[in-house]
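Residue numbers (the working numbering), protein chains in the order written: chain A, 2 to 109; chain B, 80 to 217.
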C-alpha cells in the first residue's frame with residue numbers, strides 16, 4: 002500500500018517533470034526574444050523576456066534546479082538594466098547562453 | 080509539524096507550476112485547504128466572496144502586481160483584515176523596504192524548499208497570533 006510520503010514524493014516528481022517540460026518551451030521562447038532584442042526590439046519584448054526569466058528564477062530552485070534559477074536571475078537582472086536604458090546586448094546574449102546551458106534534461 | 084497552520088489558504092500566482100507545487104505541499108503535508116488564483120483581479124474577487132484565513136501572494140504578476148493587490152485588499156472592509164504573506168523572488172533591499180509598509184505577516188523568498196513551506200508559513204502565522212495575544216493581555 003502506498004504511504005502518504007510515497008504519494009507526496011510521486012506527486013512532487015510529476016510536478017518536477019512537468020516543470021522541466023515547460024522550462025524547455027520557456028527557454029526556447031526566451032531565445033527568440035533575446036534574438037529580437039539583439040536586433041533592436043522594443044521595450045515590450047524586453048519586458049516579455051524579463052517576465053520569463055523571472056518565472057524561471059523563482060521556480061527553478063523550488064523544483065530542484067538551483068543553477069538554472071541563479072542563471073535566470075542573472076538574466077533577469079541584465080534585462081532589467083536594459084529596460085532602464087542601460088545594459089548591453091552582449092551581456093543579454095551571454096546571460097541567456099548561461100540559462101540555456103543549465104536547462105534540465107527531460108527524464109527518460 | 081509543530082506549528083499550527085491556517086485551515087484555508089488562498090494562493091495567488093500567475094505561474095501554474097508554482098500554484099500546483101504550493102497547493103500540493105500545503106494540502107499533503109499539512110492538510111490545508113488551498114484555493115488558487117492566477118491573477119490579482121481574480122484574487123480580489125475570491126477574497127471578497129469567501130475570505131480565506133490567509134492569503135499567500137506572489138508579487139510580480141502581469142496586470143495587477145501583488146503590491147497593488149495588497150493595497151486594494153486593505154482598502155476594502157471585506158478583505159482588509161485578511162493576513163497576507165508574500166511569496167516572491169523580488170527580495171532586494173528596496174523591495175523589502177516597500178513590503179515593510181504593507182503590513183504583511185512575512186515575506187517568503189523564491190526559490191524555496193517546498194517541503195519546508197508549511198513550517199515556514201506556520202512560524203509566520205503563529206508569530207502573528209502570539210503578538211495579538213500579547214496585545215490582548217496588555
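Each residue gets a CB set at the ideal place from its N, CA and C atoms; glycine is no exception.
Check the Cβ-Cβ distances between residue i and every residue of chain B, and say whether any is below 7 angstroms.
{"i": "residue 97 of chain A", "result": "no"}
{"i": "residue 57 of chain A", "result": "no"}
{"i": "residue 75 of chain A", "result": "no"}
{"i": "residue 29 of chain A", "result": "no"}
{"i": "residue 60 of chain A", "result": "yes"}
{"i": "residue 34 of chain A", "result": "no"}
{"i": "residue 26 of chain A", "result": "no"}
{"i": "residue 16 of chain A", "result": "yes"}
Any idea if residue i is buried or exposed, counting beta-carbon neighbours within 10 angstroms, 16 or more meaning buried?
{"i": "residue 214 of chain B", "result": "exposed"}
{"i": "residue 27 of chain A", "result": "buried"}
{"i": "residue 17 of chain A", "result": "buried"}
{"i": "residue 4 of chain A", "result": "exposed"}
{"i": "residue 179 of chain B", "result": "exposed"}
{"i": "residue 80 of chain B", "result": "Note on residue 80 of chain B: pLDDT 48, under 50, position unreliable in the model; the coordinate value appears next. The residue in question, residue 80 of chain B, is exposed, as its Cβ has fewer than 16 Cβ neighbours within 10 Å."}
{"i": "residue 133 of chain B", "result": "buried"}
{"i": "residue 6 of chain A", "result": "exposed"}
{"i": "residue 240 of chain B", "result": "Chain B is shown from 80 up to 217; residue 240 of chain B falls before or after that span and cannot be answered."}
{"i": "residue 85 of chain B", "result": "buried"}
{"i": "residue 149 of chain B", "result": "buried"}
So, for residue i: in the same chain, excluding its five sequence neighbours on each side, which residues have a beta-carbon less than 6 angstroms away from its beta-carbon?
{"i": "residue 72 of chain A", "result": "99, 100 and 103"}
{"i": "residue 96 of chain A", "result": "75, 76 and 79"}
{"i": "residue 10 of chain A", "result": "none"}
Whose Cβ in chain B lies nearer than 8 angstroms to the Cβ of residue i?
{"i": "residue 87 of chain A", "result": "Per Cβ cutoff of 8 angstroms: no residues; residue 87 of chain A is ~17 angstroms from chain B at best."}
{"i": "residue 67 of chain A", "result": "190"}
{"i": "residue 5 of chain A", "result": "107"}
{"i": "residue 12 of chain A", "result": "103 and 107"}
Ends of the alpha helix (DSSP H) at residue i?
{"i": "residue 150 of chain B", "result": "145 to 154"}
{"i": "residue 53 of chain A", "result": "44 to 61"}
{"i": "residue 35 of chain A", "result": "5 to 39"}
{"i": "residue 71 of chain A", "result": "67 to 84"}
{"i": "residue 90 of chain A", "result": "90 to 102"}
{"i": "residue 87 of chain A", "result": "Taken as a continuous stretch (DSSP letters only), residue 87 of chain A belongs to no alpha helix (DSSP H), as it is neither H nor E."}
Is the beta carbon of residue i within less than 6 angstroms of some heavy atom of the ligand SAM?
{"i": "residue 104 of chain B", "result": "With respect to the ligand SAM, the structure offers nothing, as it holds no ligand at all."}
Grab the span of the beta strand (DSSP E) containing residue i for me, first residue to last.
{"i": "residue 188 of chain B", "result": "185 to 188"}
{"i": "residue 84 of chain B", "result": "Neither: residue 84 of chain B is in no beta strand (DSSP E) and is coded neither H nor E."}
{"i": "residue 164 of chain B", "result": "163 to 167"}
{"i": "residue 115 of chain B", "result": "112 to 116"}
{"i": "residue 134 of chain B", "result": "133 to 136"}
Kindly say whether residue i, judged by its beta-carbon, lies nearer than 7 angstroms to any beta-carbon of chain A.
{"i": "residue 97 of chain B", "result": "yes"}
{"i": "residue 176 of chain B", "result": "no"}
{"i": "residue 80 of chain B", "result": "At residue 80 of chain B the pLDDT is 48, less than 50, meaning the model places this residue with poor confidence; the figure from the coordinates comes in the next sentence. By this cut-off, residue 80 of chain B is not an interface position."}
{"i": "residue 193 of chain B", "result": "yes"}
{"i": "residue 127 of chain B", "result": "no"}
{"i": "residue 102 of chain B", "result": "no"}
{"i": "residue 90 of chain B", "result": "no"}
{"i": "residue 143 of chain B", "result": "no"}
Apart from the five residues on each side of it in sequence, which residues of its chain come closer than 8 angstroms, Cβ to Cβ, to residue i?
{"i": "residue 49 of chain A", "result": "34"}
{"i": "residue 155 of chain B", "result": "123 and 127"}
{"i": "residue 120 of chain B", "result": "142 and 143"}
Name the chain B residues whose beta carbon is nearer than 9 angstroms to that of residue i?
{"i": "residue 9 of chain A", "result": "103, 104, 107, 108 and 194"}
Going along chain A in order, which residues have a C-beta closer than 8 angstroms to the C-beta of residue i?
{"i": "residue 235 of chain B", "result": "This structure leaves residue 235 of chain B out entirely; chain B is present only between 80 and 217."}
Could you name the residues of the same chain whose beta carbon sits closer than 7 angstroms to that of residue i, not counting the 5 residues immediately before and after it, in chain order?
{"i": "residue 161 of chain B", "result": "126, 130, 131, 134 and 152"}
{"i": "residue 105 of chain B", "result": "88, 111, 113, 196 and 197"}
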